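Engineer:
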Amino acid sequence: MNSINNITGTADDDNLFGTVGNDRIRGFAGNDKIFGSEGVNSLFGGSGNDEIFGGSQRDFISGGSGNDTIRGAEGVNSLYGGSGDDLIDGGSQRDFISGGSGNDTLRGSEGNNTILGGSGNDIIFSGSGNDFINS
């Protein structure tokens, strides 16, 4: 059985780092920097303008309501922007990328990605893989 390390931020601007293993990191309010690590991670930004970086395996990342920067890594990732104007970069594998309701910039990678723009005026870049794009 794999355990999950729960790491919780504050209402301030936090720097939150994942550990070896599976992490669930919640930034909450504030302009947070969140870094996933090894393992399967669930990373949640919250209401601030956050920077969130995936780890080396499969990650679920949700930016929340701020204007967020989300960057996947090597694993197969699910990346969700939320309601702000977000920048989302997929990792090197097959990723699911969803911008949400803001005016987002979404970038695929060399994997076969699914990229969903959302209701804002989005800019979408596909990578070298065979991507499905819905704007």
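The opening position of the sequence shown corresponds to residue 10 in this note's numbering, with each subsequent residue numbered one higher. C-beta atoms are modelled at their ideal positions from N, C-alpha and C, and glycine is treated no differently. Since this is a predicted model, take the numbers as computed values, not measurements.
Please go through the stretch 77–122 and give each complete beta strand (DSSP E) segment of 3 or more residues, from N-terminal end onward.
Structural biologist: Listed in chain order, the complete beta strand (DSSP E) runs (minimum 3 residues) inside the stretch 77–122 are 78–80, 87–89, 96–98, 105–107 and 114–116.
Engineer: Closest to residue 102 by CA distance: which of 96, 32, 84 and 74 is it?
Structural biologist: Among 96, 32, 84 and 74, the Cα nearest to that of residue 102 is on 84.
Engineer: Which one of 39, 45 and 144 has the shortest CA to CA distance from residue 69?
Structural biologist: Comparing Cα-Cα distances from residue 69 to each of 39, 45 and 144, the minimum goes to 45.
Engineer: Which class does residue 60 belong to by DSSP, given the choice of helix, strand or coil?
Structural biologist: In this structure, residue 60 counts as strand in the three-state DSSP scheme.
Engineer: Please look up how many angstroms separate the CB atoms of residue 32 and residue 13, rounded, as I've assumed it's under 8 Å.
Structural biologist: Contact flag correct, Cβ pair sits at about 7 Å.
Engineer: Residue 98 and residue 81 look like a contact to me (Cβ under 8 Å); what is the Cβ gap, rounded to whole Å?
Structural biologist: Indeed they touch by this definition, with Cβ atoms about 6 Å apart.
Engineer: By DSSP, does residue 67 sit in helix, in strand, or in coil?
Structural biologist: Coil at residue 67, not helix or strand.
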